[in-house]
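Protein sequence lines, in the order shown, are assigned to chains A and B.
All residue numbers for the first sequence refer to our numbering, where the first residue is 726 and numbers rise by one.
All residue numbers for the second sequence refer to our numbering, where the first residue is 726 and numbers rise by one.
Read through the structure below, which is laid out as structure tokens, and then see the notes.
2 protein chains.
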Amino acid sequence: MSSKRKLPERILMGPGPSGVHPRVLQAMAMPLTGHLDPVFLEIMDEVKGLLQMVFGTENELTAPMSGTGSAGMETVFVNLVEPGDKVIVCVKGLFGQRMVDMGRRCGAEVVQVDGAWGDVIYPEQVEAALRQHPDAKLVSIVQAETSTGVLQPLGEISGLVHDAGALLVVDAVTSLGGTHVDVDKNGIDACFSGTQKCLSVPPGLAPVTMNSRAEEVLLNRKSPVQSWYLDLSMIRNYWGQERFYHHTAPISMIFALREALEMLAEEGLENAIKRHQELGAVLQAGLEEMGLELVVAPQHRLPQLTVVRIPEGVSDAQVRGRLLNEYGIEIGGGLGEFKGKVWRIGLMGSSCKLRNVTLVLSALREILDSI
Amino acid sequence: MSSKRKLPERILMGPGPSGVHPRVLQAMAMPLTGHLDPVFLEIMDEVKGLLQMVFGTENELTAPMSGTGSAGMETVFVNLVEPGDKVIVCVKGLFGQRMVDMGRRCGAEVVQVDGAWGDVIYPEQVEAALRQHPDAKLVSIVQAETSTGVLQPLGEISGLVHDAGALLVVDAVTSLGGTHVDVDKNGIDACFSGTQKCLSVPPGLAPVTMNSRAEEVLLNRKSPVQSWYLDLSMIRNYWGQERFYHHTAPISMIFALREALEMLAEEGLENAIKRHQELGAVLQAGLEEMGLELVVAPQHRLPQLTVVRIPEGVSDAQVRGRLLNEYGIEIGGGLGEFKGKVWRIGLMGSSCKLRNVTLVLSALREILDSI
């Protein structure tokens, strides 16, 4: 970085991006190879294998899209949805709403299943929607809702969706690497994520996976995919054995993703998930001990993202500002319905360590005690 | 990078990515800030100002899209084109064809103006198309056609397009930073580029700019932009004063873009363009001295990308393979009509230096002499 400005040293404990490990930052700084270089093609294969591991899938079509998490969401929608299709979208936060928006932009008739912000979607709701709309092509749901901190159980819903002959689409942006996604075991037909949450890679890639059922839907479309850039019917030929040039892959980002996934493999996915669970519980207990109220019921809390109600009379901007300016800690504010009402504290990937839990609890206590 | 594999040291002289300067690689490795951090918002403003400089524009709507160059192309098409619109696309190579594809996916009626691969589009051709289709909403053309090495003059065509009341859309992926794009002076209404060519930033961002005429078309659309991810009517509120969260910006890539643009400002845009012109001429003279035939007529040659006909009886794969494996030099092969028939030698951004010209000429001579 030029001398013009010294960047402040941040501890990233918001809803993403999370902190990036020095090994991954070093991978970002590796001199480039070309995107068709034989060595780069080998790295692509390694990334694919490692993504299959973390997704818990054997899906052949598993690759990082060249955009951020929202590009992953858009990838799944533009590839699976055609104008006139009926899709059921479960909405219990901002990212569910975003899927409604994307579905409509694909020309779909969107049936919305609404849950309260801070709660899960219940299987009976999905069952009722499927009974009323037996022609629905897919049901989409967010596993880890970044706007509310809710962990959505998938097992029962997956069975209902498949009994109805529909595809199950899951948003795993905030869950991947910190929670079991288990694509194959959970019967998820299409799944997308982002790199800047529990994978602790800078934002810029969106891992996506689709099983053969979803791929068949893609390959039997009547109309072309409305996005050229995200058209998996072409991208699969670059990530597959054909290596057919589509667009120039974000090479450095892929170096970084490989490094982070290798670190995850070294730690072991199970150990990483356990680390998130344990430290998330420590943070949540500490916050409640301070008398703060958590928005989500204990059984539905995400370990990697905790949503705290801002105490009455306390200024959102003041507290977050002091955390940032005095302690160098970033936590997130609320979005949508929760704007100004909650804080979102992330413990994702590299940021998920005991000293960060201790620090954020102590810093928050000091600030709250002083006002 | 982990010890698992040592990456080979490449000299990137293909059609992009180009070599990335160590200062820019270091910027990629800077620890992250959040995407809404006040410091990051200042960096966004700096990037915007520097992009305005290199585009030669005062357009308020100037920002890097979170994808590679093709995402920039798609951004312009999805934002300006609505179903049923008529658009004129000039095609004289692969990237013109790609715009036809994107226009159709937006539901446009695409009128194609065809030129020979290796030649420019002539103003008379555009004039005739506009006369036949006075209701065309826009005319799009590639300034630096990466598949053929042709530099397209824009001045006369720009006048014709505006006389007809249409918008001029220009692909500046390979030109920006190496050739005068001069958005305002050339009357370009919407322009897109990529970072991995003459800006010498890793692939992953697509600078885009639109003037107020184009912005008005965007804001008066009848239908929503079909892409949520690339919807400029929302993204302008994140890059504008509102700072409204849209998606998580690729933070490290933006650090790198800022660093590369600062280096360009230090050198001076005029000096950088002159460097490309002078060294491109040295390379082209050297290739012709070796008896190799250049595809493009002298007056239409791009300095930053030279397209050479492969001599009869010489194996494309063998020569490129030896350059890569014995000398560590990457040059590009042909695409589309030119597949197997040409080599594409890039001198872009950081890769554009005298020692690379000397090296690639000598290496190519040694290989050709030995077969």
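Even glycine gets a Cβ: it sits at the ideal position worked out from N, Cα and C.
Next item on the list: Tell me Ala985(A)'s beta-bridge partners as DSSP assigns them.
Entry: Counting from 1 along the first sequence, the entry for residue 985(A) is found at position 260. The bridge partners DSSP lists for Ala985(A) come to none.
Next item on the list: Whole angstroms is fine: what's the gap from Asn996(B)'s alpha carbon to Asn1081(B)'s?
Entry: Taking the second sequence and counting its residues from 1, one reaches residue 996(B) at position 271. Taking the second sequence and counting its residues from 1, one reaches residue 1081(B) at position 356. Roughly 18 Å separates the two Cα atoms.
Checklist line | chain B contact for His972(A) (CB, 8 Å cutoff) | finding: In the first sequence, residue 972(A) corresponds to position 247, counting from 1. It does; some Cβ of chain B falls within 8 Å.
Next item on the list: With DSSP as the reference, label Gly809(B) as helix, strand or coil.
Entry: Looking up residue 809(B) in the second sequence gives position 84. Of the three classes helix, strand and coil, the one that applies to Gly809(B) here is coil, per DSSP.
Notebook entry, point to check: Going along chain B, which residues have a C-beta under 7 Å from Tyr954(A)?
Noted result: For the purposes of this step, residue 954(A) is taken as residue 229 along the first sequence, with counting starting at 1. Within chain B, the residues near Tyr954(A) are Gly792, Ser795, Ala796 and Glu799.
Item checked: Neighbour list for Gly739(A) in chain B, Cβ cutoff strictly below 8 Å -> For the purposes of this step, residue 739(A) is identified with residue 14 of the first sequence, where counting begins at 1. Below the 8 Å Cβ cutoff, chain B contributes Gly759 as neighbours of Gly739(A), in chain order.
Note to self: Looking at the strands, I want to know which residues DSSP matches up with Val894(B).
What the structure shows: For this step, residue 894(B) is matched to residue 169 along the second sequence. Val894(B) pairs with Ser865(B) and Ala915(B).
Notebook entry, point to check: Counting along the chain, where does the alpha helix (DSSP H) carrying Ile1070(B) start and finish?
Noted result: Residue numbering aside, residue 1070(B) sits at position 345 when the second sequence is read from its first letter. Taken as a continuous stretch (DSSP letters only), Ile1070(B) belongs to no alpha helix (DSSP H), being part of the beta strand (DSSP E) at Val1067 to Gly1071.
Margin query: Need the endpoints of the beta strand (DSSP E) that Arg1026(B) sits in, please.
Written below: For the purposes of this step, residue 1026(B) is taken as the residue at position 301 of the second sequence. No beta strand (DSSP E) contains Arg1026(B), which DSSP labels as neither H nor E.
Check: Counting pairs of beta carbons, one from the segment 1030-1037 of chain B and one from the segment 1080-1094 of chain A, are three or more of them closer than 8 Å?
Finding: Using a C-beta cut-off of 8 Å, the segment 1030-1037 of chain B makes no contact with the segment 1080-1094 of chain A, since fewer than three inter-stretch Cβ pairs fall below that distance.
Next item on the list: Less than 8 Å between the CB atoms is what I'm expecting for Met790(A) and Gly797(A), so what's the real figure, rounded?
Entry: Sequence index remark: in the first sequence, residue 790(A) carries index 65 (1-based). Sequence index remark: in the first sequence, residue 797(A) carries index 72 (1-based). 5 Å between Cβ atoms; contact.
Checklist line | Reduced DSSP category for Ala889(A) - H, G, I as helix; E, B as strand; rest coil | finding: Position 164 of the first sequence, counting from 1, holds the residue named residue 889(A). DSSP places Ala889(A) in coil when its eight states are reduced to three.
Margin query: At a CB distance below 8 Å, what residues from the segment 937-951 of chain A approach chain B? Give them in sequence order.
Written below: Cβ contacts with chain B: Pro949, Val950 and Gln951.
Notebook entry, point to check: In terms of residue numbering, what span does the alpha helix (DSSP H) encompassing Gln777(A) cover?
Noted result: Counting from one through the first sequence, the residue named residue 777(A) turns up at place 52. Its alpha helix (DSSP H) spans residues Pro763 to Phe780.
Check: Under a three-way DSSP split, which group does Ser728(A) fall into?
Finding: Numbered from its first residue, the first sequence carries residue 728(A) at position 3. Per-residue confidence for Ser728(A) stands at a pLDDT of 44, beneath the threshold of 50, marking its modelled position as unreliable; the derived number appears in the next sentence. Secondary structure at Ser728(A): coil, using DSSP grouped into helix, strand and coil.
Check: Exposed or buried, what is Gly821(A) when buried is set at 16 or more other beta-carbons lying within 10 Å of its beta-carbon?
Finding: The residue labelled residue 821(A) in the question sits at position 96 within the first sequence. By the neighbour-count rule (16 or more Cβ atoms within 10 Å), Gly821(A) is buried.
Next item on the list: Could you confirm whether any beta carbon from chain A is found closer than 8 Å to the beta carbon of Glu1062(B)?
Entry: Here residue 1062(B) is taken as the residue at index 337 of the second sequence, counted from 1. It does not: the Cβ of Glu1062(B) has no partner Cβ on chain A nearer than 8 Å.
Next item on the list: Kindly identify the DSSP beta-bridge partner or partners of Ala788(B).
Entry: Residue mapping note: residue 788(B) aligns to position 63 of the second sequence, counting from 1. Paired residue(s): Val933(B).
Next item on the list: Count the other C-beta atoms from every protein chain shown that fall within 10 angstroms of the C-beta of Ser795(B), then say buried if there are 16 or more, exposed otherwise.
Entry: Position 70 of the second sequence, counted from the first residue, corresponds to residue 795(B). Taking all protein chains shown into account, Ser795(B) has 16 or more neighbouring C-beta atoms within 10 Å of its C-beta and is therefore buried.
Check: Which one or two residues does DSSP pair with Leu1048(A) in a beta bridge?
Finding: The count along the first sequence starts at 1 and reaches residue 1048(A) at position 323. Note: Leu1048(A) sits in no beta bridge, so no partner.
Notebook entry, point to check: Which stretch, first to last residue, makes up the alpha helix (DSSP H) that contains Glu995(A)?
Noted result: Stepping through the first sequence from its first residue, residue 995(A) is reached at position 270. Unbroken alpha helix (DSSP H) run through Glu995(A): Leu994 to Glu1014.
Item checked: Environment of Ile913(B) [buried if 16+ CB atoms lie within 10 Å] -> For this step, residue 913(B) is matched to residue 188 along the second sequence. Note on Ile913(B): 16 or more other CB atoms within 10 angstroms of its CB, so buried under the neighbour-count rule.
Checklist line | Alpha carbon of Phe917(B) to alpha carbon of Thr787(B), nearest angstrom | finding: The residue labelled residue 917(B) in the question sits at position 192 within the second sequence. The residue labelled residue 787(B) in the question sits at position 62 within the second sequence. Each residue's Cα considered, the two are about 10 Å apart.
Checklist line | Same chain, Cβ closer than 6 Å to Met726(B), neighbours up to 5 away in sequence not counted | finding: One-based indexing of the second sequence puts residue 726(B) at position 1. Caution is warranted here: a pLDDT of 44 is assigned to Met726(B), below 50, making its placement in the model unreliable, and the coordinate value is therefore given only provisionally. Excluding residues within five positions, none has a Cβ falling inside 6 Å.
Notebook entry, point to check: Rounded to a whole number of angstroms, what is the C-alpha to C-alpha distance between Glu1014(B) and Leu757(A)?
Noted result: Reading the second sequence from its first residue, position 289 is the one you call residue 1014(B). Reading the first sequence from its first residue, position 32 is the one you call residue 757(A). If you take the alpha carbons of Glu1014(B) and Leu757(A), they lie about 31 Å apart.
Notebook entry, point to check: Cα separation between His972(A) and Tyr954(A)?
Noted result: Here residue 972(A) corresponds to residue number 247 of the first sequence, with the count starting at 1. Here residue 954(A) corresponds to residue number 229 of the first sequence, with the count starting at 1. Each residue's alpha carbon lies about 8 Å from the other.
Next item on the list: Determine which residues share a DSSP beta bridge with Gln837(B) and list them.
Entry: Working through the second sequence from its first residue, we reach residue 837(B) at position 112. The beta-bridge partner set that DSSP reports for Gln837(B) consists of Val814(B).
Item checked: Beta-carbon gap between Arg1069(B) and Ile1056(B) smaller than 8 Å -> The count along the second sequence starts at 1 and reaches residue 1069(B) at position 344. The count along the second sequence starts at 1 and reaches residue 1056(B) at position 331. In contact: Arg1069(B) and Ile1056(B) (Cβ atoms closer than 8 Å).
Notebook entry, point to check: Which residues, in chain order, does the segment 815-844 of chain B contribute to contact with chain A at a C-beta distance below 9 Å?
Noted result: If the cut-off is 9 Å between Cβ atoms, the segment 815-844 of chain B has Arg823, Asp826, Met827, Arg829, Arg830, Cys831 and Gly832 near chain A.
Margin query: Please list the terminal residues of the continuous alpha helix (DSSP H) segment that includes Pro848(B).
Written below: Numbered from its first residue, the second sequence carries residue 848(B) at position 123. Where Pro848(B) is concerned, the enclosing alpha helix (DSSP H) stretches over Pro848 to Gln857.
Check: Short check: CB of Lys862(A) to CB of Lys811(A), under 8 Å?
Finding: Sequence index remark: in the first sequence, residue 862(A) carries index 137 (1-based). Sequence index remark: in the first sequence, residue 811(A) carries index 86 (1-based). In this structure, Lys811(A) lies closer than 8 Å to Lys862(A) by Cβ.
Notebook entry, point to check: Just to check, is the beta-carbon of Gly818(A) closer than 7 Å to a non-hydrogen atom of the ligand NAD?
Noted result: Of ligands this structure carries none, so the ligand NAD is not represented either.
Next item on the list: Work out the CA separation of Val836(A) and Ala854(A) for me, nearest whole Å.
Entry: For the purposes of this step, residue 854(A) is taken as the residue at position 129 of the first sequence. For the purposes of this step, residue 836(A) is taken as the residue at position 111 of the first sequence. Roughly 8 Å separates the two Cα atoms.
Next item on the list: Per DSSP, which residues does Ile960(A) bridge with? Please list them.
Entry: For the purposes of this step, residue 960(A) is taken as the residue at position 235 of the first sequence. DSSP lists no partner for Ile960(A).
Next item on the list: Give me the Cα-Cα distance between Ala752(A) and Ala754(B), rounded to the nearest whole angstrom.
Entry: The residue labelled residue 752(A) in the question sits at position 27 within the first sequence. The residue labelled residue 754(B) in the question sits at position 29 within the second sequence. Roughly 8 Å separates the two Cα atoms.
Item checked: Per DSSP, cross-strand counterpart(s) of Leu1097(B) -> Nothing about residue 1097(B) can be read from this structure; chain B reaches only from 726 to 1096.
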